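Chemist: Handing you a structure now.
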Amino acid sequence: MRILTVIGNRPQFVKAAAVSRLLRERHDELIVHTGQHYDDEMSRVFFEELGVPAADRELHAGGGTNTEQTARILGLLEGEIAAAEPDMVLVYGDTNTTLAAALAAAQAGVAVGHVEAGMRSFDRAMPEELNRVLTDHASDVLLCSTEAAVANLAAERVAGEVHRVGDVMADVSLAFAPIAERRSDVLERIGLEPGGYVAATAHRAGNVDDPERLERLVALLEAVPATVVLPLHPRTAARLDATGLRARLGSAPNVVLAPPLGYLDFTKLAANARAVLTDSGGVQKEAFLLGVPCVTLRDTTEWVETVDAGWNTLVDLDAGAAVAALERPRPDAERPDLYGAGRAAERVCDVLDAYTPSR
Ligand code: UD1
Ligand code: UDP
Numbered sequence: 001m002r003i004l005t006v007i008g009n010r011p012q013f014v015k016a017a018a019v020s021r022l023l024r025e026r027h028d029e030l031i032v033h034t035g036q037h038y039d040d041e042m043s044r045v046f047f048e049e050l051g052v053p054a055a056d057r058e059l060h061a062g063g064g065t066n067t068e069q070t071a072r073i074l075g076l077l078e079g080e081i082a083a084a085e086p087d088m089v090l091v092y093g094d095t096n097t098t099l100a101a102a103l104a105a106a107q108a109g110v111a112v113g114h115v116e117a118g119m120r121s122f123d124r125a126m127p128e129e130l131n132r133v134l135t136d137h138a139s140d141v142l143l144c145s146t147e148a149a150v151a152n153l154a155a156e157r158v159a160g161e162v163h164r165v166g167d168v169m170a171d172v173s174l175a176f177a178p179i180a181e182r183r184s185d186v187l188e189r190i191g192l193e194p195g196g197y198v199a200a201t202a203h204r205a206g207n208v209d210d211p212e213r214l215e216r217l218v219a220l221l222e223a224v225p226a227t228v229v230l231p232l233h234p235r236t237a238a239r240l241d242a243t244g245l246r247a248r249l250g251s252a253p254n255v256v257l258a259p260p261l262g263y264l265d266f267t268k269l270a271a272n273a274r275a276v277l278t279d280s281g282g283v284q285k286e287a288f289l290l291g292v293p294c295v296t297l298r299d300t301t302e303w304v305e306t307v308d309a310g311w312n313t314l315v316d317l318d319a320g321a322a323v324a325a326l327e328r329p330r331p332d333a334e335r336p337d338l339y340g341a342g343r344a345a346e347r348v349c350d351v352l353d354a355y356t357p358s359r
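Here it is as structure tokens:
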């Protein structure tokens with residue numbers, strides 16, 4: 001098949017790293033980078049470190065509100081799809097890039113493949129929840145990471161064919177964790193001892209866009225009785241600047257602010273942390289795979305099996321609950337194989353090999 005892969009932001013570069021190289025052994029692939037993320041540290045570094053094939057087209061369509069951004073990408077993709085004449089458009093996850101590409105493809109009568117289909121938080125206030133529900137209902141081939149995702153799609157009676165393939169982000173984590181351990185000098189650069197700090201990330205719009213919630217986040221980080229290393233996502237950096245909270249956070253004696261880290265540095269930082277504190281979807285999974293307890297700054301998660309397995313605790317922005325969860329002993333529970341043991345991309349390719357576009 002001729003496959004047009006559309007990606008545009010940090011977690012999608014990681015996911016495409018697992019799939020694109022394998023896909024190209026069996027199919028023709030073109031990559032369109034929408035430019036949703038555009039800083040080198042949010043984009044270029046992932047192509048370089050993880051070997052994602054260079055984008056064939058770049059749309060430079062980042063910035064603006066969710067609606068503006070989705071509409072801009074949608075408009076630009078119409079021409080890209082017409083020019084490339086693909087048999088399938090392949091999308092990942094739940095971002096504005098994902099929804100715009102799925103809709104543009106469906107409108108053009110081109111089959112849509114959705115990797116990481118079926119994830120649900122059941123919180124429609126999240127832009128990601130709208131994006132994933134709408135994308136799944138526009139998709140022809142739904143490639144699920146987990147059993148829970150398959151069940152969600154069955155309950156919604158989606159029209160496309162559903163396959164459980166495992167999680168492609170897990171493929172990358174399992175393959176690159178040993179490389180990160182050898183190559184990254186992030187602990188020396190920041191002056192950290194293994195096990196002596198908490199690795200944190202926060203960027204969810206629901207946590208950082210509302211100044212009151214952002215202030216609660218800052219207070220929570222200050223309350224952690226350990227060094228907290230926080231590589232700042234650009235959305236969070238902008239909100240901290242706009243509210244004047246960056247100076248407060250920067251002067252907290254236990255908080256170390258850093259720029260966004262490359263994949264190898266971040267993986268080494270997370271793998272050697274006492275715990276991970278995050279509102280990221282991908283980072284919750286990676287903490288589990290790295291065997292590091294995770295405390296999640298949300299009251300819902302799509303990755304429910306990490307909670308059920310005892311490795312993830314949801315605390316929203318409740319500082320007391322976060323401190324208590326961080327002080328809990330490391331679970332001695334075995335970590336089950338939840339995400340496909342590093343072979344998800346292979347299964348994605350097997351499903352696509354067998355697919356015959358009907359439109
Ligand atoms: C997006 C996704 C979110 C995902 C996250 C991954 C949507 C609705 N949200 O959120 O699901 O978890 O990416 O990190 O699609 N910015 C820069 N430089 C960049 C990128 C962004 O400065 O390279 C700034 C811009 O001011 C931009 C803002 O960050 O307006 C937000 O970026 P955007 O891509 O719209 O949303 P994210 O918060 O990154
Ligand atoms: N990540 C990174 N550097 C950082 C923070 C995160 O490389 O400073 C990686 C992380 O390892 C994971 C991905 O970015 O693979 C997660 O992306 P993000 O948290 O931005 O998005 P989400 O998964 O929440 O959609």
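Per our numbering, the sequence shown starts with residue 1, numbered consecutively. From the three backbone atoms N, C-alpha and C, an ideal C-beta is built for every residue, glycine too. Predicted model, so just to flag it, every value in this text is computed and none were measured.
1. Does ligand 2 have a heavy atom nearer than 7 angstroms to the CB of residue 283?
2. Measuring CA to CA, which of 275, 93, 287, 106 is closest to residue 174?
3. With a threshold of 16 other CB atoms inside 10 Å of the CB of residue 167, please say whether the residue is buried or exposed.
4. Roughly how many whole angstroms lie between the Cα atoms of residue 63 and residue 204?
5. Starting from residue 37 and walking both ways along the beta strand (DSSP E), at which residues does that stretch end?
6. So, do the stretch 99 to 113 and the stretch 9 to 23 have three or more beta carbon pairs nearer to each other than 8 angstroms?
7. Could you tell me the alpha carbon to alpha carbon distance between residue 335 and residue 85, rounded to whole angstroms?
8. State the DSSP-derived secondary structure class of residue 353, mapped to helix, strand or coil.
9. Only counting the same chain, and skipping five residues up and downstream in sequence, which positions put a Cβ closer than 7 angstroms to that of residue 355?
10. Can you tell which of 31, 163, 65, 42 has its C-alpha closest to the C-alpha of residue 346?
11. Three-state secondary structure (DSSP) at residue 117?
12. Buried or exposed for residue 305, please, with buried defined as at least 16 other CB atoms from any protein chain shown within 10 angstroms of its CB.
13. Taking the alpha-carbon of residue 223 as reference, which of 241, 254, 208 has the nearest alpha-carbon?
14. Scan the stretch 172 to 260 and note each continuous beta strand (DSSP E) run of 3 residues or more that stays entirely inside, going in chain order.
15. Would you call the stretch 110 to 130 and the stretch 33 to 49 in contact, with 3 or more CB pairs under 8 angstroms?
16. Given a cut-off of 8 angstroms, decide if residue 115 and residue 348 are closer than it, judged by their beta-carbon atoms.
17. Counting along the chain, where does the beta strand (DSSP E) carrying residue 164 start and finish?
18. So, at 6 angstroms on beta carbons, what are the nonlocal neighbours of residue 351 in its own chain, with the 5 sequence-adjacent residues on each side left out?
19. For residue 121 and residue 247, I'd like the C-alpha separation in whole angstroms.
20. Taking residue 326 as the reference, which of 294, 337, 332 has the closest Cα?
21. Grab me the residues of residue 27's own chain with a C-beta within less than 6 angstroms of its C-beta, minus the 5 sequence neighbours each way, in chain order.
22. Taking 8 angstroms as the threshold (C-beta atoms), are residue 300 and residue 313 in contact?
23. Measure the C-alpha to C-alpha separation of residue 182 and residue 196 and round it to an integer number of angstroms.
24. How many angstroms separate the CA atom of residue 317 from the CA atom of residue 220?
25. Say whether the stretch 69 to 80 touches the stretch 31 to 40, bearing in mind that this needs 3 or more beta-carbon pairs closer than 8 angstroms, one atom from each stretch.
26. Can you name the residues that DSSP bridges to residue 360?
27. How big is the Cα-Cα spacing for residue 99 and residue 10?
28. Go through its chain and collect everything with a Cβ distance to residue 200's Cβ below 6 angstroms, but skip five positions before and after it.
29. Considering residue 76, what are the terminal residues of the alpha helix (DSSP H) in which it resides?
30. Please report the straight-line C-alpha distance between residue 71 and residue 332, rounded to a whole angstrom.
31. By DSSP, does residue 158 sit in helix, in strand, or in coil?
32. Whose CA, out of 108, 275, 339, 132, lies closest to the CA of residue 118?
33. Expressed to the nearest angstrom, what Euclidean distance is found between the alpha-carbon atoms of residue 353 and residue 343?
34. Pull up the distance between the alpha-carbon of residue 178 and that of residue 22, whole angstroms please.
35. State yes or no: is the beta carbon of residue 63 nearer than 8 angstroms to at least one beta carbon in chain C?
36. Following the continuous alpha helix (DSSP H) through residue 312, name the residue where it begins and the one where it ends.
Modeler: Taking the definition as stated:
1. yes
2. 287
3. buried
4. 16 angstroms
5. Run containing residue 37: none; DSSP gives neither H nor E here.
6. no
7. 44 angstroms
8. helix
9. 141
10. 163
11. strand
12. buried
13. 254
14. 197 to 201, 227 to 231, 255 to 258
15. no
16. yes
17. 161 to 164
18. 163
19. 33 angstroms
20. 294
21. 1, 3
22. no
23. 19 angstroms
24. 7 angstroms
25. yes
26. Residue 360 lies beyond the stretch modelled for the chain, which goes from 1 to 359, so this question has no answer here.
27. 16 angstroms
28. 228, 230, 277
29. 66 to 84
30. 48 angstroms
31. coil
32. 132
33. 16 angstroms
34. 21 angstroms
35. Of the protein chains in this structure there is only one, and it is not chain C.
36. No alpha helix (DSSP H) holds residue 312; the beta strand (DSSP E) holding it covers 312 to 314.
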